[in-house]
Each structure stands twice: as structure tokens, then as C-alpha cells.
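Only one structure is covered here, and it is reproduced in the block below.
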Amino acid sequence: MLASVLALGLALVVSMVSFAKEVEDASDGFEPDHKVVIQVSTADPKVHALALSNAVNLQKHYGIDNIAIEIVAYGPGLSMVTKQSTVLERVTSLIFEDVTVTACGNTMDTIARNTGKQPELIEGVGKVQTGLARIIELQEQGYSYVRP
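Here the numbering used here is used: the first residue of the sequence shown is 3, the next is one more, and so on.
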């Protein structure tokens with residue numbers, strides 16, 4: 003009897019692991035219906051707020067699971083994604099809502115060279131070497147381009 007219960011338990015565990023692997027494999031190839039890259043290259047807080055509102059509105063319109071959004075900040079726009087940002091809480095909130103936020107490493111290096119201090123990014127903000135190149139790469143992958 004004990005052997006039967008153990009065998010049944012083992013079979014259940016194996017089938018659960020197999021199912022979990024199938025779900026994981028299926029999500030690996032997931033391609034959202036819509037893809038958008040939003041450029042932020044100005045220090046204007048109104049533009050920062052507008053870019054973030056664009057992302058929120060697109061997620062509401064298409065559904066969070068049907069759109070991939072990446073905000074790329076470079077040049078003066080880097081101020082949107084630093085810990086001194088006037089929209090820090092909104093950026094953080096969007097990162098938790100599956101919006102990818104990326105900072106330009108070249109801009110960060112220039113700021114560090116000019117000020118002697120590396121800018122501190124908001125937690126969850128990614129970094130690429132060249133923000134403009136990232137935008138081009140995303141467009142080549144089928145992302146629509148938005149510049150608020």
C-alpha cells in the first residue's frame with residue numbers, strides 16, 4: 003500500500019514538473035501583438051511625464067500582455083531615470099508593470115567624466131552602451147517608434 007502511494011506521489015511530481023517545463027517553453031517564444039520604443043532625450047519634466055503617460059495609455063489600450071514597451075533615455079533625457087528624477091515613483095511603477103526602461107551608457111560616461119560622479123539609476127533601469135543604437139535595434143525588430 004505504501005509503495006503504491008509513493009509511486010502515485012512520484013508520478014504526480016514528475017507530471018507537474020513536465021507541465022511546468024511545457025509552460026516555461028511556451029512562454030519563451032511569446033511575441034506580443036504590439037511593440038513600441040519610446041525615446042526620451044530631453045530634460046523637460048513635461049516630456050518625461052508625457053512619455054510615461056504614453057506607456058500607461060498603451061498598456062491600457064492593448065492590454066499589458068499584448069504590448070512590449072521599452073523607454074530609452076539618453077542625452078539630457080537621462081535625468082528621467084536617475085535617483086534624482088522628478089518622476090522616480092512613476093518610472094518604478096512602470097518597471098513593475100513590465101515596461102522596460104533603459105539608460106544610455108555613453109551619456110552616463112559623459113556625465114561621470116564631466117562631474118566626476120557616475121549617475122545613480124533608478125532600481126530596475128537597464129543600461130545599454132548606446133541609447134540611439136538601442137532604438138535602431140528595436141526598430142529593426144519591429145518596434146514602432148514614439149517620441150513624445
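Built from N, CA and C at the ideal position, the CB exists for glycine as well.
Small disclaimer: the values here were computed from a predicted structure and weren't measured.
The Cβ atoms of residue 130 and residue 79 lie no closer than 7 Å to each other. Residue range 36-42 is occupied by the beta strand (DSSP E) that includes residue 41. Around the CB of residue 137, 16 or more other CB atoms lie within 10 Å, so the residue is classed as buried. With respect to the 7 Å criterion, residue 123 and residue 83 are classified as neighbours on the basis of their beta carbons.
Beta-carbon to beta-carbon, residue 106 and residue 70 are separated by about 20 Å, too far to satisfy the 8 Å threshold.
Nearest neighbour of residue 54 by Cα position, chosen from 90, 65 and 33, turns out to be 90.
In terms of Cβ geometry, residue 38 and residue 146 form a close pair [threshold 7 Å]. When rounded, the separation of the alpha-carbon atoms in residue 67 and residue 119 is 38 Å. With respect to residue 139, residue 102 sits apart: the two C-beta atoms are not nearer than 7 Å.
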